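Taken in sequence, the protein lines are chains A and B.
When the count follows this note's numbering, it moves up by one through the first sequence with no breaks and lands on 220 for the last residue.
When the count follows this note's numbering, it moves up by one through the second sequence with no breaks and lands on 220 for the last residue.
Shown next, in structure tokens, is the structure this report addresses.
Protein chains: 2
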Amino acid sequence: MDKVKILVVDDESRMRKLVKDFLVKKDFIVIEAEDGMEALDIFFDNKDISLVILDVMMPKMDGWQVCREIRNFSKVPIIMLTAKADERSELQGFEVGVDEYISKPFSPKILVARVEALLRRSNMLAKDQVLSVGGIEINKAAHIVTVGDKTIELSYKEFELIVYFVENQGIALSREKILNNVWNYDYFGDARTIDTHVKKLRSKLGEKGKYIKTIWGMGYKFEVEE
Amino acid sequence: MDKVKILVVDDESRMRKLVKDFLVKKDFIVIEAEDGMEALDIFFDNKDISLVILDVMMPKMDGWQVCREIRNFSKVPIIMLTAKADERSELQGFEVGVDEYISKPFSPKILVARVEALLRRSNMLAKDQVLSVGGIEINKAAHIVTVGDKTIELSYKEFELIVYFVENQGIALSREKILNNVWNYDYFGDARTIDTHVKKLRSKLGEKGKYIKTIWGMGYKFEVEE
DNA sequence: ACTATTTATGATAAATATGTGAAACAACAC
DNA sequence: GTGTTGTTTCACATATTTATCATAAATAGT
Chain A
-5 MDKVKILVVD
5 DESRMRKLVK
15 DFLVKKDFIV
25 IEAEDGMEAL
35 DIFFDNKDIS
45 LVILDVMMPK
55 MDGWQVCREI
65 RNFSKVPIIM
75 LTAKADERSE
85 LQGFEVGVDE
95 YISKPFSPKI
105 LVARVEALLR
115 RSNMLAKDQV
125 LSVGGIEINK
135 AAHIVTVGDK
145 TIELSYKEFE
155 LIVYFVENQG
165 IALSREKILN
175 NVWNYDYFGD
185 ARTIDTHVKK
195 LRSKLGEKGK
205 YIKTIWGMGY
215 KFEVEE
Chain B
-5 MDKVKILVVD
5 DESRMRKLVK
15 DFLVKKDFIV
25 IEAEDGMEAL
35 DIFFDNKDIS
45 LVILDVMMPK
55 MDGWQVCREI
65 RNFSKVPIIM
75 LTAKADERSE
85 LQGFEVGVDE
95 YISKPFSPKI
105 LVARVEALLR
115 RSNMLAKDQV
125 LSVGGIEINK
135 AAHIVTVGDK
145 TIELSYKEFE
155 LIVYFVENQG
165 IALSREKILN
175 NVWNYDYFGD
185 ARTIDTHVKK
195 LRSKLGEKGK
205 YIKTIWGMGY
215 KFEVEE
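This is the structure we're talking about:
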């Protein structure tokens, strides 16, 4: 599993090291930048940075500016560090697209907690983003499924269902199990609705539809072979 | 094979049952506690609880307190359930040593995923079991039986039956016993139906069919050698 | 060897599960 | 509101499994 990369931008090396130490302890990969320009260069060169921590006060280009530049192209979670709890800054921060806001001095635990919370919210934590099986590619983040070269349009439930199938490939799944995992726990409807969704999935998957196998008297199984 | 034990603490029995059901389906052993004191008693009496799921809001002793008490003596993974995504609670959670944090209402998928992720992180998760006897392999999870190299197609009942045989190999099984274990307890049909299933099983197993032995006047026995 | 009992087998009937299209229903944007 | 899309339910055809029955074969006791 890939580790999550975090970009830390601060002109003070002491502060960068502090933040880095705590994050590294939590198993993140930390990349440092000491000013806004460097930050932007690094960010746009690395396509897989999952979170950015920005100091507000930096020479040349301040945190707000860096944030705006990044926001033009990316929705990556951004945490802003400011010297003091200044209400106006905070407001400005949310306007330019900051996700979290931490005022110095902060406790390292707070920092780590916010980082993990944000990553969890954006589903970046401990989750594989792209599943690929037998010519079927599933981008969980983008909610896109491609078969061969073609993108296929799936509804929400259909998407959830195929993800569940692929994540449990080779395992026989009873209808009950599928209901409990793909539907919410407060769903008490007919299990046959699964059949309908399977039917649509199979037809949308075309050739690959046969990978969803029926296990008579039991349920379904996603399996690629033969 | 040892199953993983999970302690679920919630004052609402409905919620406990809900969580329990999903986890039991995933083959965990679930122990329930309805308040903090009981939870601590159970936790420190059982040395082999692998994970704790705690509701935050409980009378007498709340989830945070329970968590702190446990953390004084143990690093067991702890998941906290809260009624709403309250950032402050979340922070407090990480500070007292909560590993994960799930807000209600949650999807069972999320719950199970987090539990499994946490257990994987702490290496507690058992692998899916494969029974293998005399050239017959049974993968219960995938619902697949292979003889030699070939996969053989078995119906639901046939599959149940061979699993029962293999799990009780070397033991003489009366028809009554087989009926009670493979069929539902409310089945009142003819016990002779077993004969038919045994016949089909034997024929599908080919060479290996002879491992299912007839015990005259009694029933059957699965045995791999002379 | 004969008989009573039990088991094996093949054919058939009954029961059950699945596939499918259409309709009802719900959610949501316009 | 209306229209659109996604979801669930329903009904029926189809497919598959399971149970039952009649009969043949096998076994144990005499």
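For glycine and all other residues, C-beta sits at the position ideal for the given N, C-alpha and C.
On a predicted model such as this, the values are computed, not experimentally measured, just so you know.
Please list, in chain order, the chain A residues whose beta carbon lies closer than 8 Å to that of residue 7 of chain B. Residue mapping note: residue 7 of chain B aligns to position 13 of the second sequence, counting from 1. Neighbours of residue 7 of chain B on chain A: none; closest Cβ ~15 Å, over 8 Å.
Report the rounded CA-to-CA distance for residue 102 of chain A versus residue 70 of chain A, giving the unit in angstroms. Translated into the one-based positions of the first sequence, residue 102 of chain A becomes position 108. Translated into the one-based positions of the first sequence, residue 70 of chain A becomes position 76. Taking the straight line from one Cα to the other gives about 21 Å.
Run through the segment 120 to 167 of chain A for me and flag every whole beta strand (DSSP E) of 3 or more residues, listed as ranges in chain order. 124 to 127, 130 to 133, 138 to 141 and 144 to 146
Taking the beta strand (DSSP E) that residue 176 of chain B falls in, what are its first and last residues? In the second sequence, residue 176 of chain B corresponds to position 182, counting from 1. Careful: residue 176 of chain B lies outside any beta strand (DSSP E), inside the alpha helix (DSSP H) at 169 to 176.
By the criterion of Cβ-Cβ separation under 9 Å, what are the contact partners of residue 128 of chain A in chain B? Counting from one through the first sequence, the residue named residue 128 of chain A turns up at place 134. The premise fails here: residue 128 of chain A is roughly 16 Å from chain B at the closest Cβ pair, so nothing lies under 9 Å.
According to the neighbour-count rule (16 or more other Cβ atoms, all chains shown, within 10 Å of its Cβ), is residue 10 of chain B buried or exposed? Numbered from its first residue, the second sequence carries residue 10 of chain B at position 16. When all chains shown are included, residue 10 of chain B counts as buried.
Where does the unbroken beta strand (DSSP E) through residue 74 of chain A begin, and where does it stop? Looking up residue 74 of chain A in the first sequence gives position 80. Start and end: 72 to 76.
If you compare alpha carbons, which of A:60, A:16 and A:133 is closest to residue 31 of chain A? By one-based count along the first sequence, residue 31 of chain A stands at place 37. Comparing Cα positions, the closest option is A:60.
Three-state secondary structure (DSSP) at residue 111 of chain A? Stepping through the first sequence from its first residue, residue 111 of chain A is reached at position 117. Note: residue 111 of chain A maps to helix in three-state DSSP.
Residues bridged to residue 45 of chain B (per DSSP): Numbered from its first residue, the second sequence carries residue 45 of chain B at position 51. Its beta-bridge partners are B:0.
I want to verify the contact list: residues of chain B whose CB lies under 7 Å from the CB of residue 206 of chain A, in sequence order. Here the question's residue 206 of chain A lines up with position 212 in the first sequence. Within chain B, no residue comes near residue 206 of chain A; the closest Cβ sits about 14 Å away, beyond 7 Å.
Put residue 33 of chain A into one of helix, strand or coil per three-state DSSP. Position 39 of the first sequence holds residue 33 of chain A. DSSP places residue 33 of chain A in helix when its eight states are reduced to three.
Any Cβ of chain B within less than 7 Å of the Cβ of residue -5 of chain A? To locate residue -5 of chain A, count along the first sequence from 1; it is residue 1. With a pLDDT of 43 at residue -5 of chain A, under the threshold of 50, the predicted position of this residue should be treated as unreliable, though the coordinate-derived value follows. No, no contact with chain B.
Rounded C-alpha distance that separates residue 185 of chain A from residue 170 of chain A: Taking the first sequence and counting its residues from 1, the one referred to as residue 185 of chain A is at position 191. Taking the first sequence and counting its residues from 1, the one referred to as residue 170 of chain A is at position 176. If I take the Cα positions, the gap works out to 7 Å.
Assign residue 108 of chain B to one of two classes, buried (16 or more other C-beta atoms within 10 Å of its C-beta) or exposed (fewer than that). As a first step, residue 108 of chain B must be located in the second sequence, where it is residue number 114. The residue is buried, with at least 16 neighbouring Cβ atoms inside 10 Å.
Say whether chain A places a C-beta atom closer than 7 Å to the C-beta of residue 22 of chain B. Residue numbering aside, residue 22 of chain B sits at position 28 when the second sequence is read from its first letter. Not an interface residue.
Candidates B:189, B:138, B:172 and B:95, of which the one nearest residue 111 of chain A by Cα: In the first sequence, counting from the first residue as 1, residue 111 of chain A sits at position 117. The residue with the shortest Cα to Cα distance from residue 111 of chain A is B:95.
In whole angstroms, what is the alpha-carbon distance linking residue 165 of chain B and residue -2 of chain B? Against the second sequence, residue 165 of chain B aligns to sequence position 171. Against the second sequence, residue -2 of chain B aligns to sequence position 4. If you take the alpha carbons of residue 165 of chain B and residue -2 of chain B, they lie about 28 Å apart.
Could you tell me if residue 126 of chain A is buried or exposed, where buried requires 16 or more neighbouring beta carbons within 10 angstroms of its beta carbon? Sequence index remark: in the first sequence, residue 126 of chain A carries index 132 (1-based). Burial call: exposed.
Using the C-alpha atoms, what's the distance from residue 152 of chain A back to residue 137 of chain A? To locate residue 137 of chain A, count along the first sequence from 1; it is residue 143. To locate residue 152 of chain A, count along the first sequence from 1; it is residue 158. Cα-Cα distance, rounded: 11 Å.
Does the segment 174 to 183 of chain A come close enough to the segment 144 to 160 of chain B that 3 or more CB-CB pairs lie under 8 Å? no
With a CB to CB cut of under 7 Å and the five nearest residues on each side skipped, what residues in its chain are close to residue 209 of chain A? As a working mapping, residue 209 of chain A is identified with position 215 in the first sequence. Excluding positions up to five away in sequence, the list reads 166 and 215.
Where the alpha helix (DSSP H) containing residue 215 of chain A begins and where it ends: Start at 1 with the first residue of the first sequence, and residue 215 of chain A comes out as number 221. First-last for residue 215 of chain A: 213 to 216, but that is the beta strand (DSSP E), not the alpha helix (DSSP H).
Determine, using beta carbons only, whether residue 191 of chain B comes closer than 7 Å to chain A. By one-based count along the second sequence, residue 191 of chain B stands at place 197. No, its Cβ sits nowhere closer than 7 Å to a Cβ of chain A.
Are any of the Cβ atoms in chain A nearer than 7 Å to that of residue 158 of chain B? Reading the second sequence from its first residue, position 164 is the one you call residue 158 of chain B. No, because no Cβ of chain A sits closer than 7 Å to the Cβ of residue 158 of chain B.
Rounded distance between the beta-carbons of residue 48 of chain A and residue 74 of chain A, thought under 8 Å: Taking the first sequence and counting its residues from 1, the one referred to as residue 74 of chain A is at position 80. Taking the first sequence and counting its residues from 1, the one referred to as residue 48 of chain A is at position 54. Sure, about 5 Å apart at Cβ, within 8 Å.
Skipping 5 residues on each side, what residues in its chain have a beta carbon closer than 7 Å to that of residue 118 of chain A? Counted from its first residue, the first sequence places residue 118 of chain A at position 124. Here residue 118 of chain A scores only 49 on pLDDT, less than 50, and its place in the model should not be relied on; the value that follows carries that caveat. The residues are -2 and 44.
Can you tell me which residues form a DSSP beta bridge with residue 194 of chain B? Numbered from 1 along the second sequence, position 200 holds the residue referred to as residue 194 of chain B. None; residue 194 of chain B has no bridge partner.
Can residue 26 of chain B be considered in contact with the ligand NAP, in the sense that its beta carbon sits closer than 6 Å to one or more heavy atoms? As for the ligand NAP, it is missing from this structure, which has no ligand bound.
Please report how far the alpha carbon of residue 28 of chain B lies from the alpha carbon of residue 211 of chain A, in whole angstroms. Position 34 of the second sequence, counting from 1, holds the residue named residue 28 of chain B. Position 217 of the first sequence, counting from 1, holds the residue named residue 211 of chain A. Answer to the nearest angstrom: the Cα atoms are 37 Å apart.
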